[in-house]
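Under the numbering used here, think of the first position of the sequence shown as 832, with each following residue one higher.
Notes follow the structure.
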Amino acid sequence: MSLFEAIIFGIVQGLTEFLPISSSAHIVITQLVFGYTFPGLSFEIFLHVASVLAVILYFRKDLWRVIEGFFRFVAKRSPKDRTQFYFGLYILIATFITGILGILLEGAVGNWMKTPPVIASMLTITGLALIFIERFHKYGDRTEKNMSFKDSIVVGLGQTLAVMPGISRSGSTLIVSLLIGLQRETAVRYSFLLAIPVILGSTVLAIGDFSAEMVAYIGGLNLLVSFIITFVFSLIGIVWLIDFLKKSRLIYFAVYCFVLALFVATMIDPATVMDVE
832 MSLFEAIIFG IVQGLTEFLP ISSSAHIVIT QLVFGYTFPG LSFEIFLHVA SVLAVILYFR
892 KDLWRVIEGF FRFVAKRSPK DRTQFYFGLY ILIATFITGI LGILLEGAVG NWMKTPPVIA
952 SMLTITGLAL IFIERFHKYG DRTEKNMSFK DSIVVGLGQT LAVMPGISRS GSTLIVSLLI
1012 GLQRETAVRY SFLLAIPVIL GSTVLAIGDF SAEMVAYIGG LNLLVSFIIT FVFSLIGIVW
1072 LIDFLKKSRL IYFAVYCFVL ALFVATMIDP ATVMDVE
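Given below as structure tokens:
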């Protein structure tokens, strides 16, 4: 891998991780364009860690408020900490569901799902879901104070769909959160905070894939550069998305998904997948 390619991978991962357009699809597409294949998910997970560090930095006050309120409620049962306790619990429940189902589905999600036809199909589904939530569903007004265990279970199930390249993790959690009636700001916050335990958990499970061969294949300097670039562009993506959603609509992301799906279906030869495996 060249330094230029490492930079491109970092930019792609950083900008797409938290947008509802599937970072996994973009990473796979970038691999196909450059003719790379990475054993396991080690490189993807490596870049995801940079993205989650960006979330932790940006939402550090919100994260600390939830953690502090959670443990203070456990210790003192203070009514003022009740909302943060349950919000933290809902994050854990959704993460647990995603983790268990993700492990069970891991064997079924093979290289065949990283093919252009599958990616194009999943991107199309993502686009249709974004159109539905924007055009045909009335936004709710429930905040974390009004959430329930059922909400966390449904969101956890929705988040599990992101095991398929082309289905966005942030998009699926955002869409499902809006479907169950959460207000947009709460849905966005819940989606971002859910990324932290999910990505960290995936990192722990993927530790076995990290090896000297992987570092040698990509290059130590390239790994460092792609990590830093991912972190920086993840921060840019977070700030931009939050500001964008205050002014604009999800329909624009749907259009992008359709255009990208068309590109994948028509411009990327499925045979190239066999060449890089």
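Note that beta-carbon positions come from the ideal geometry of N, C-alpha and C, so glycine has one too.
Annotated three-state conformation of residue 1005 is helix, per DSSP.
Residue 1002 places its beta carbon less than 8 Å from that of residue 851. Rounded to whole angstroms, the separation of the alpha carbons of residue 1063 and residue 840 is 13 Å.
In the DSSP annotation of this structure, residue 996 is not part of any alpha helix (DSSP H), being labelled neither H nor E.
Per DSSP, the continuous alpha helix (DSSP H) segment holding residue 1077 begins and ends at 1051–1078. The segment 860–921 contains, as complete alpha helix (DSSP H) runs of 4+ residues, the segments 873–889, 891–907 (chain order). Secondary structure at residue 1081: coil, using DSSP grouped into helix, strand and coil.
The beta-bridge partner set that DSSP reports for residue 973 consists of 1013. A distance of 8 Å or more separates the beta carbons of residue 919 and residue 890. In this structure residue 999 touches residue 853 by the C-beta definition: roughly 4 Å separates them, less than 8 Å.
Taking residue 1085 as the centre and dropping the five residues before and after it, the same chain places the C-beta of 958, 961, 962 closer than 6 Å to its C-beta, in chain order.
For residue 953, the uninterrupted alpha helix (DSSP H) run begins and ends at 947–966, by DSSP. For residue 1024, same chain residues with a beta-carbon under 8 Å away, outside a window of 5 residues either side, are 886, 890, 893, 894, 897, 922 in chain order. Contact annotation: residue 1030 and residue 880 have beta-carbon atoms nearer than 8 Å. Across the structure, residue 849 and residue 1071 are spaced so that their CA atoms are roughly 10 Å apart.
Inclusion of residue 956 and residue 1010 in the CB contact set at 8 Å is not warranted, their separation being larger than that value. Excluding sequence positions up to five before and after residue 1073, its CB lies within less than 8 Å of the CB of 1019, all in the same chain and listed in chain order. Taking C-beta separations shorter than 7 Å and ignoring five residues to either side along the sequence, the partners of residue 929 in its chain run 987, 990, 991, 1029, following chain order. In the DSSP annotation of this structure, the continuous segment of the alpha helix (DSSP H) that includes residue 838 starts and ends at 834–847. With distances taken between CA atoms, residue 1005 lies nearest to 1015 out of 996, 997, 1015. Just so you know, the alpha carbons of residue 1098 and residue 947 end up roughly 9 Å apart. Rounded to whole angstroms, the separation of the alpha carbons of residue 1075 and residue 1017 is 15 Å.
Around the beta carbon of residue 866, fewer than 16 other beta carbons lie within 10 angstroms, which makes this residue exposed.
Secondary structure of residue 1028 (DSSP, three-state): helix. Residue 876 sits close to residue 1033, with the two beta carbons spaced by under 8 Å. Residue 914 and residue 924 have their C-alpha atoms some 15 Å from each other. By the CB criterion at 8 Å, residue 973 and residue 1013 fall inside the cutoff.
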